[in-house]
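Note sheet for the following structure.
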Amino acid sequence: MDLSTTIAGVHFSTCLMNASGARCVTQEDLEQLGESHAGAIVTKSMTPLARSGNPEPRYVSFDGGSINSMGLPNLGYPAYATLIPGLRRFKKPIVASIAGLKPADFLEAVSAINDAKPDLMEVNLSCPNIPGKPQIGYDFQASEELLLRVRDLAAVPFGVKLPPYFDPVHHEAMAEVLSRVGVSFLTVINSVGNGLVLDPESETVVIKPKGGFGGIGGRMIKPVALANVRAFWKLLGDTVQIIGTGGVETGQDVFEHILCGASAVQIGTVLVDEHVQVFERLERELAEWLKKKGYDSVNACRGKLKEL
Ligand code: SIN
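Be aware that the sequence shown starts at 22, since it is given in the working numbering, and climbs by one per residue.
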């Protein structure tokens, strides 16, 4: 079974990789991804300065999903620029995730990380967890302005990680931005921002930052993730490859993302729960699903969802 894929001209031996944020902050995390069956190494979203992130508890998983308000804890781009060349020994694509608290942060990180030569850059416009900083991806004009400036600087193909959209008008508006800018790929979706999970026994929220509000991930967001993959696939077709993210627990979930139009799939909550061994299981389960449905490759199945 051919589980390989191509994103922006870069070959991935399997279409499964970590979502930025899940077990990818430290050198040890990144090396474990390198040693695992993951098809790529995606870094934590990096900012100019190292950040310890929001106060704990800031991540809780529960039956059906997870809530997080990590607050972009990361080593800072100078550290990742130093680490990336060493990660090449794992012989799989390296995706540098870029974030910032203001537009200049993104540009600084893109310029600096160019020299480390990641295979791709994923520009994160969708972190919901920085108090006072709205998700850029919900502001179409600000997104376009920033991405145009990134385009001028990036020396490797870049894509964008987007928040979930809930209205076709918003999918259309963002697809137009992406087409005008000419981004190479998009990753949808980041967590469903600013959900609230509570414990009725103790009558408290379960995470500390932002009064308990945080990004929701895991099984319960799969329909939202699939809808976003499908909507962008219908709008953009083969011009921009889609990395589906959200709600993937099993090979069936990966198969569904691919049917909707994803060329690759990222794993978040279940990677946190199951560690890097999850990639081997998902690979096996995906191969079983593809075989059962008569496909010989990820590519053959991509976008084949039927409508009634
Ligand atoms: C975080 O670090 O708060 C999560 C990152 C993200 O949602 O992009």
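Even glycine gets a Cβ: it sits at the ideal position worked out from N, Cα and C.
Take Asn215, set aside five residues on each side of it, and the residues of its chain with a beta-carbon closer than 6 Å to its own are Pro149 and Phe234, in chain order. Restricting attention to Pro178, Thr290 and Ser284, the CA atom closest to the CA of Ser318 is found in Ser284. Burial check for His278: the Cβ neighbour count within 10 Å reaches 16 or more, so the residue is buried. Note on geometry: alpha-carbon atoms of Leu168 and Asp188 lie some 22 Å from one another.
DSSP, read as helix, strand or coil, puts Ser87 in strand.
Taking C-alpha positions only, Gly30 is separated from Thr225 by approximately 48 Å. As the crow flies, the alpha-carbon of Asn89 is around 14 Å from that of Lys65. Below 8 Å, too few C-beta pairs join the region 126 to 133 and the region 108 to 115 to call them touching: fewer than three. Within the DSSP secondary-structure output, Thr26 pairs in a beta bridge with Phe33.
Burial is judged here by how many other beta carbons sit within 10 angstroms of a residue's own beta carbon; Asp259 has fewer than 16 and is exposed. Setting aside the 5 residues that flank it on each side, Trp310 is surrounded in the same chain by Gly272, Gln273, Val275 and Phe276, each with a C-beta closer than 8 Å to its C-beta; the list follows chain order.
Assigned with DSSP and collapsed to three states, Phe187 falls in coil, not helix or strand. For the 9 Å CB-CB criterion, Asn211 and Gln162 do not form a contact.
Within its own chain, the residues whose Cβ lies closer than 7 Å to the Cβ of Gln48, once the five positions on either side in sequence are excluded, are Leu104, listed in chain order. Straight-line measurement puts the Cα of Val250 at about 10 Å from the Cα of Lys243. Its chain contains Tyr98 and Ala102 as the residues whose beta carbon lies nearer than 6 Å to that of Ala133, once the 5 sequence neighbours on both sides are disregarded; these appear in chain order. In this structure, Pro149 has its CB closer than 8 Å to one or more heavy atoms of the ligand SIN. Burial check for Leu70: the Cβ neighbour count within 10 Å stays below 16, so the residue is exposed.
In the DSSP assignment, Asn39 forms a beta bridge with Ile288. Burial is judged here by how many other beta carbons sit within 10 angstroms of a residue's own beta carbon; Glu143 has at least 16 and is buried. Between the ligand SIN and the CB of Gly236, the shortest heavy atom gap is smaller than 8 Å. Distance between Glu306 and Leu257, taken at the CA atoms: about 28 Å. For Gln262, the closest C-alpha among the options Gln53, Asp136 and Ala252 is that of Ala252. A direct Cα-Cα distance of roughly 49 Å separates Asp136 from Leu329. Between Leu326 and Gly282, the alpha-carbon positions lie close to 8 Å from each other. Between the ligand SIN and Met91, a heavy atom-to-CB distance of less than 8 Å is present. A heavy atom of the ligand SIN is found nearer than 8 Å to the CB of Ala120. The Cβ neighbour count for Arg79, taken over all protein chains shown within 10 Å, is at least 16; the residue is labelled buried.
If you draw a 10 Å sphere on the C-beta of Arg72, you find 16 or more other C-beta atoms in it, and that means buried. Residue Pro124 holds the alpha-carbon nearest to the alpha-carbon of Arg170 among Pro124, Asn145 and Gly268. Runs of the alpha helix (DSSP H) lying entirely within the region 65 to 148, each at least 4 residues long, are 98 to 108 and 124 to 135 in chain order.
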